[in-house]
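Residue numbers (the UniProt record's numbering): 1 to 313.
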């Protein structure tokens, strides 16, 4: 994460700023697939029941928690289709690429202010709550600052797609195959993601969870996923006035405002996706992706294990 609305707001900038008409057309004609791709790496976090642990591990793997092979799932997805790959799959893959770039650009900033999920239970719970709160506030902040009017409902977006094809794409991305168990796990996390995403704007439920959370850490963490009624002054001040932060794993001082991070992120997305401008075959797309630099969705270009984070505000 960031949360889905921040991903969609930033991903929407691609169409406005890309110079290549071919890629713009692929995205425009398959916009729902593109938007699902833009949040696909987070969907396994919503796995519940008997698949919860497996899907959480898969989500961590996708985010480069243990390795920086974050492009490999996209490569395997496209290889699965071969020459049969349709533009809707390309749009989905491009959406996935935006997710990787956005997380890798924003997460070092977010972790500096929230801390990492350490082994110490109390510190871990505090960091998780702060992380979720800052991302929920970022969604509201960018909705306000950009005037974004695009889709914000996962249910509405998914309903525009052929469900079996979407499940196939997600299963191939997550597991590299479409076996019965893999499809079942994919349906599990997608259904739960849609259900919970629709609830996160319910302020009444948030208030109830917050009250229960006074005595229960798990409820406090769940409450932090819900949107506040408005941007709290503390977060508005942070977002408006931040001028620098330290990279949480290297300690390097990075002189960037939140606006600069936003613009840099768009620039990286546009320059990355522009590399597809001369691609005519799936192998062309694959060759471009294979040359992308290693990156972690948690620590960015530093590509360090999140457990090595030591520098926090």
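Note that CB positions come from ideal geometry on N, CA and C, so glycine has one too.
Every value quoted in this text rests on a predicted model; they were computed, and no experiment measured them.
Am I right that residue i and residue j are in contact with their C-beta atoms under 8 Å? What's the rounded C-beta distance?
i	j	result
residue 262	residue 254	With a Cβ gap of about 14 Å, residue 262 and residue 254 do not count as contacting.
residue 225	residue 200	6 Å
residue 26	residue 87	5 Å
residue 282	residue 83	6 Å
residue 75	residue 97	At roughly 11 Å, the Cβ-Cβ gap does not stay under 8 Å, so residue 75 and residue 97 are not in contact.
residue 154	residue 194	5 Å
residue 197	residue 4	7 Å
Can residue i and residue j be called in contact, C-beta distance under 9 Å?
i	j	result
residue 273	residue 100	no
residue 308	residue 249	yes
residue 325	residue 158	As shown, the chain starts at 1 and ends at 313. That puts residue 325 outside it, with no answer to give.
residue 47	residue 192	yes
residue 279	residue 268	no
residue 172	residue 80	yes
residue 188	residue 41	no
residue 298	residue 63	yes
residue 89	residue 23	no
residue 92	residue 169	yes
residue 236	residue 141	yes
residue 20	residue 277	yes
residue 292	residue 247	no
residue 270	residue 17	yes
residue 265	residue 78	no
residue 175	residue 66	no
residue 206	residue 230	no
residue 108	residue 251	no
residue 125	residue 217	yes
Starting from residue i, follow the alpha helix (DSSP H) in both directions and report where the run begins and ends.
i	result
residue 217	217-223
residue 5	4-17
residue 297	Taken as a continuous stretch (DSSP letters only), residue 297 belongs to no alpha helix (DSSP H), as it is neither H nor E.
residue 30	It is not in any alpha helix (DSSP H) - residue 30 carries neither H nor E in the DSSP assignment.
residue 56	52-62
residue 285	282-290
residue 73	72-81
Hey, out of the options, whose CA is closest to residue i's CA?
i	options	result
residue 34	187, 8 and 171	8
residue 295	47, 175 and 103	103
residue 134	77, 269 and 110	110
residue 185	45, 252, 146 and 206	45
residue 138	292, 2 and 277	2
residue 130	293, 119, 115 and 121	115
residue 305	31, 6 and 118	118
residue 204	251, 221, 228 and 195	228
residue 259	275, 242 and 252	242
residue 149	177, 12 and 194	12
residue 85	303, 286 and 146	286
residue 122	55, 220, 252 and 5	220
residue 32	163, 302 and 61	163
residue 145	179, 240, 39 and 290	240
residue 202	39, 179 and 136	136
residue 319	6, 60, 61 and 54	Only positions 1 to 313 of the chain appear in this structure, which leaves residue 319 out of reach.
- Message: Please give me, in chain order, every unbroken run of the alpha helix (DSSP H) with length at least 4 that falls completely inside the stretch 85-144.
- Response: Fully enclosed alpha helix (DSSP H) runs of 4 or longer: 87-114.
- Query: Quick one: complete alpha helix (DSSP H) runs, 4+ long, within the stretch 241-278?
  - Reply: Entirely contained in the stretch 241-278, the alpha helix (DSSP H) runs reaching 4 residues are, in chain order, 258-274.
- Message: Just to confirm the assignment: which complete alpha helix (DSSP H) runs, minimum length 4, are found wholly within the stretch 160-200?
- Response: Under the rule that a run must span 4 or more residues, the alpha helix (DSSP H) segments found entirely inside the stretch 160-200 read 163-175 and 180-199.
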